[in-house]
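To start, the structure itself, in structure tokens.
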Amino acid sequence: MKKATFIDFEDSFSFNVVQELTEVGFDVTVINWKDFETLPESGLLVLGPGPGHPDDYQQLFPLIKTWLEKKAPFFGVCLGHQIFWRLQGEEVLRSKEPLHGQKVRLDLTPDWREWLGIHKEVFVQRYNSLAVMGQASLRNPYLTNFIQNDEILITRGPHLLTYQFHPESIGTSYRTEFMRPVYRDLV
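Mapping the sequence shown onto the UniProt record's numbering, position 20 (from 1) lands on 20, and the numbers just tick up by one.
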């Protein structure tokens with residue numbers, strides 16, 4: 001069984017993400033962000049959702065940066081997505097359309113639909129007032145981004161995947177399809 005270390009930022013959705021990771025095949029160890037002092041030896045590092053701005057967690061940046069520099073498998077959800085982008089030197093700004101508990105349709109391109117294995121209308125649940133703007137994607141040619149309304153909602157690259165929405169939420173259609181690439185492509 002593939003191993004994952006989940007960093008819990010004390011968000012009410014944390015254990016929903018853990019459950020979805022378990023369902024696609026991971027053996028998950030949960031560590032509270034305040035206790036995250038050493039990197040796992042191997043497996044997947046998951047930064048879960050959480051409150052506040054990524055800069056509120058700067059004390060974790062050196063550890064996470066070391067993990068990313070090793071090109072070790074990384075998955076970020078919401079706050080985890082934003083922390084990834086802060087470590088790329090990008091700003092995390094107030095979203096033009098803050099959304100809390102709202103279902104939003106994703107207008108996925110055919111390439112994204114094929115990669116995810118989703119061929120019908122897709123909705124995701126969003127809980128964020130912060131965002132990484134689309135122009136950030138122009139500065140890193142090694143990443144593929146899905147951008148909607150000038151906000152980066154999905155980032156994928158060698159050994160990493162991040163979502164600016166909650167793939168585990170009941171309001172997200174095709175939850176398993178959003179989680180499957182984590183297991184299939186990252187570890």
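No residue lacks a Cβ here, since even glycine has one placed at the ideal position from N, Cα and C.
{"Check": "Label asparagine 145 either buried or exposed according to how many other C-beta atoms from any shown protein chain fall within 10 Å of its C-beta, with 16 as the threshold for buried.", "Outcome": "buried"}
{"Check": "Using beta-carbon positions only, say whether phenylalanine 26 and alanine 4 come within less than 8 Å of one another.", "Outcome": "yes"}
{"Check": "For lysine 121, count neighbouring C-beta atoms within 10 Å of its own C-beta (all shown protein chains included) and say buried if the count is 16 or more, exposed if not.", "Outcome": "At residue 121 the sequence reads glutamate, which differs from the lysine that was named. So glutamate 121 ends up on the exposed side."}
{"Check": "So, at 6 Å on beta carbons, what are the nonlocal neighbours of proline 73 in its own chain, with the 5 sequence-adjacent residues on each side left out?", "Outcome": "Leu44, His159, Leu186 and Val187"}
{"Check": "Starting from glutamate 114 and walking both ways along the alpha helix (DSSP H), at which residues does that stretch end?", "Outcome": "110 to 116"}
{"Check": "In the DSSP output, what is arginine 126 paired with across the bridge?", "Outcome": "Gln102"}
{"Check": "Please report the Cβ distance between proline 49 and phenylalanine 13, rounded to the nearest whole angstrom; I am assuming they are in contact, meaning their Cβ atoms lie under 8 Å.", "Outcome": "5 Å"}
{"Check": "Alpha carbon to alpha carbon, how far is glutamine 82 from glutamine 59?", "Outcome": "15 Å"}
{"Check": "Might you give, ordered along the chain, the residues of its own chain that have their beta carbon closer than 7 Å to the beta carbon of glutamine 148, omitting 5 neighbours on each side?", "Outcome": "Leu106 and Asp107"}
{"Check": "Cα separation between leucine 21 and proline 141?", "Outcome": "28 Å"}
{"Check": "Specify, as a first and last residue, the run of the beta strand (DSSP E) that asparagine 32 falls within.", "Outcome": "26 to 32"}
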